[in-house]
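For reference, the structure discussed in these notes is given below.
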Amino acid sequence: MCKASYPSSPVFTHCILAGRNVCKCLSGLIYTHFTPSCTSSFKKPTTFSKKYSDSHFLFPYLSYIMYLNDIYQLDRWSQLMKEYNNTTYAILGILTTGCKSGYAIKQLMDQSLTHFWKISYGQIYPTMKQLTANELVTVTNTQQDGKPDRKEYDLTQKGKDALKHWLSQPIEQIPVERNEVLLKLFFGKHQTTEQTVKLLEDYKRKLEERLQTYHTIAHSIQTHHESDPNAQYWLFTLDYGKRTTMLHRLVPGNDRSYLKEETKMSKGIFSGRFTTKNEEDLVVFIIGMRINKRWAVHKWFPVFIAMPSMIRELYTNKEELGFLSMESFFGLRTTVMIQYWRSTEDLLSYAKGSNHLKARKNFNQKVGDHTAVGIYHETYIIKKGQYESIYGNMPQYGLAKAMEHIPVRSDKRSARKRLTQ
Numbered sequence: 106m107c108k109a110s111y112p113s114s115p116v117f118t119h120c121i122l123a124g125r126n127v128c129k130c131l132s133g134l135i136y137t138h139f140t141p142s143c144t145s146s147f148k149k150p151t152t153f154s155k156k157y158s159d160s161h162f163l164f165p166y167l168s169y170i171m172y173l174n175d176i177y178q179l180d181r182w183s184q185l186m187k188e189y190n191n192t193t194y195a196i197l198g199i200l201t202t203g204c205k206s207g208y209a210i211k212q213l214m215d216q217s218l219t220h221f222w223k224i225s226y227g228q229i230y231p232t233m234k235q236l237t238a239n240e241l242v243t244v245t246n247t248q249q250d251g252k253p254d255r256k257e258y259d260l261t262q263k264g265k266d267a268l269k270h271w272l273s274q275p276i277e278q279i280p281v282e283r284n285e286v287l288l289k290l291f292f293g294k295h296q297t298t299e300q301t302v303k304l305l306e307d308y309k310r311k312l313e314e315r316l317q318t319y320h321t322i323a324h325s326i327q328t329h330h331e332s333d334p335n336a337q338y339w340l341f342t343l344d345y346g347k348r349t350t351m352l353h354r355l356v357p358g359n360d361r362s363y364l365k366e367e368t369k370m371s372k373g374i375f376s377g378r379f380t381t382k383n384e385e386d387l388v389v390f391i392i393g394m395r396i397n398k399r400w401a402v403h404k405w406f407p408v409f410i411a412m413p414s415m416i417r418e419l420y421t422n423k424e425e426l427g428f429l430s431m432e433s434f435f436g437l438r439t440t441v442m443i444q445y446w447r448s449t450e451d452l453l454s455y456a457k458g459s460n461h462l463k464a465r466k467n468f469n470q471k472v473g474d475h476t477a478v479g480i481y482h483e484t485y486i487i488k489k490g491q492y493e494s495i496y497g498n499m500p501q502y503g504l505a506k507a508m509e510h511i512p513v514r515s516d517k518r519s520a521r522k523r524l525t526q
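Here the sequence shown stands for residues 106 to 526, numbered as in the numbering used here.
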């Protein structure tokens, strides 16, 4: 925006710099001797000398110089934002904690920031050199017996201002997570089910180790840094790490029986056109949640984690419960499950069961009417002959997993014909 407001030329830049220096000398004079009531009229102080009272014509020019100075300041911050990346500001922030050497910065990074930001020595020292050249930090060489001089860095006021300016800016975008496990799951059809199960079991074990590390760090902060004003902010970021780790443990397929069941039912592509028999009554139940406030993790997370256990229970006790099959869809905000049931009685019986009532009671206690999370369900009772389906070159999916999956005959090629018994 600043660059669009004035021409970008070397001459004009020199004018801005010159104006900035003149402004420092004259801004005190302006505010001491002139009180502007509008752009062209000024009130003179009673003790104002004749010499300066006749000089009020200078004010518009000095005001313009001040305007140029403001542009210069905005442009300076804009250039800084472009020149430095987030790792640079992370180092500036760490310097506020008392760390002074590159080694101390790396140690604090590894101990406290590693669950959301990583940095190497190969980034630290070039960055410190750049910050020193731009006067955001100063460096002092301390002699050591039998060792190379130790370089210690201190944050300058200019560096503090740069850090504060960066902190005040909105984030550009939510970062995309790089997850090797999810990448391998995406191409999971090219390996056996047992290999996938082993991958997920190993992933779950590593997540448990990470979660334990976070608990240890949290205990250390609460024990040794209770009075530190930074402690609550450290715990905020640590809590986020704990919650996301717990969420990662819910990767679909982390349960062996569930993975095998899903693999068995959806295995293989059926070439050609298929449909399902519609000779029985059917109940379609759609249930889901919507995250209204993403940062209220403590509200929507309990709802989210209730889903995997419910899915396991349904697939484990299908025949007993009257549950036929289901499909799940996970979006950034909304989760949807489409379930197929044998009858209304089976569905209502499950809804009144002890496990489901316990989950509902837990939801009411932790979430209640809080607007951070929304829940919904829809129920459709469909009589035999009143539903149809078509699948072309598809695995068994949706209704095809719930009902009998059959090739399309010549007398069932149209939807109208399939809607008759």
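All C-beta atoms, glycine included, are put in the ideal place defined by N, C-alpha and C. Only a predicted model underlies this, so the values are computations on that prediction, with no experimental measurement involved.
Might you give, ordered along the chain, the residues of its own chain that have their beta carbon closer than 8 Å to the beta carbon of GLU366, omitting 5 neighbours on each side? Any reading at GLU366 needs caution, since the residue's pLDDT is 48, under 50, leaving its predicted position unreliable; the model's value is listed next. So the list reads TYR420, once near-sequence residues are dropped.
Taking C-alpha atoms, which residue in THR449, GLU493, ALA505 and LYS489 lies nearest to GLU483? THR449
Taking only the alpha-carbon atoms, compute the straight-line gap between TYR455 and HIS403 and give it to the nearest angstrom. 27 Å
For ARG523, is the classification buried or exposed, using 16 other Cβ atoms within 10 angstroms of its Cβ as the cut-off for buried? buried
Quick one: give me the first and last residue of the alpha helix (DSSP H) that MET233 is part of. 226-238
Alpha carbon to alpha carbon, how far is ARG417 from LEU236? 55 Å
Residue range of the beta strand (DSSP E) that includes ASP304: Checking the displayed sequence, the identity of residue 304 turns out to be Leu instead of Asp. Careful: LEU304 lies outside any beta strand (DSSP E), inside the alpha helix (DSSP H) at 298-329.
Nonlocal neighbours in the same chain, by C-beta distance under 6 Å from THR350, ignoring five residues either side: LEU312, ARG315 and LEU316
Does DSSP put LYS76 in a helix, a strand or coil? Past the boundaries of the shown model lies residue 76; the chain is included only from 106 to 526, so the question cannot be answered.
How would you label ALA520, buried or exposed, when you count the other beta carbons within 10 angstroms and need 16 or more for buried? exposed
Contacts around ASP516, its chain only, beta-carbon distance under 7 Å, and the 5 residues preceding and following it disregarded: LYS522
Measure from the alpha carbon of LYS256 to the alpha carbon of each residue in GLU509, MET415, ASP386 and LYS205, then state which is nearest. LYS205
If THR381 sits next to MET499, beta carbons under 8 Å apart, how far is it from one beta carbon to the other, in whole angstroms? In fact, because the Cβ distance is near 12 Å, the residues do not count as touching under 8 Å.
Quick one: is LEU268 buried, meaning 16 or more other Cβ sit within 10 Å of its Cβ, or exposed? buried
Using the Cβ count rule (16 or more neighbours within 10 Å means buried), how would you classify PHE428? buried
Element boundaries [beta strand (DSSP E), containing GLU257]: 252-260
Do the stretch 296-308 and the stretch 259-277 make contact, defined as three or more Cβ pairs closer than 8 Å? no
Thinking just about the alpha-carbon of each residue, which of THR193, GLU285 and VAL513 is nearest to the one in TYR230? THR193
Span of the beta strand (DSSP E) around ASN284: Run containing ASN284: none; DSSP gives neither H nor E here.
Rounded C-alpha distance that separates LEU343 from ILE487: 49 Å
Between which two residues does the alpha helix (DSSP H) containing TYR194 stretch? 191-200
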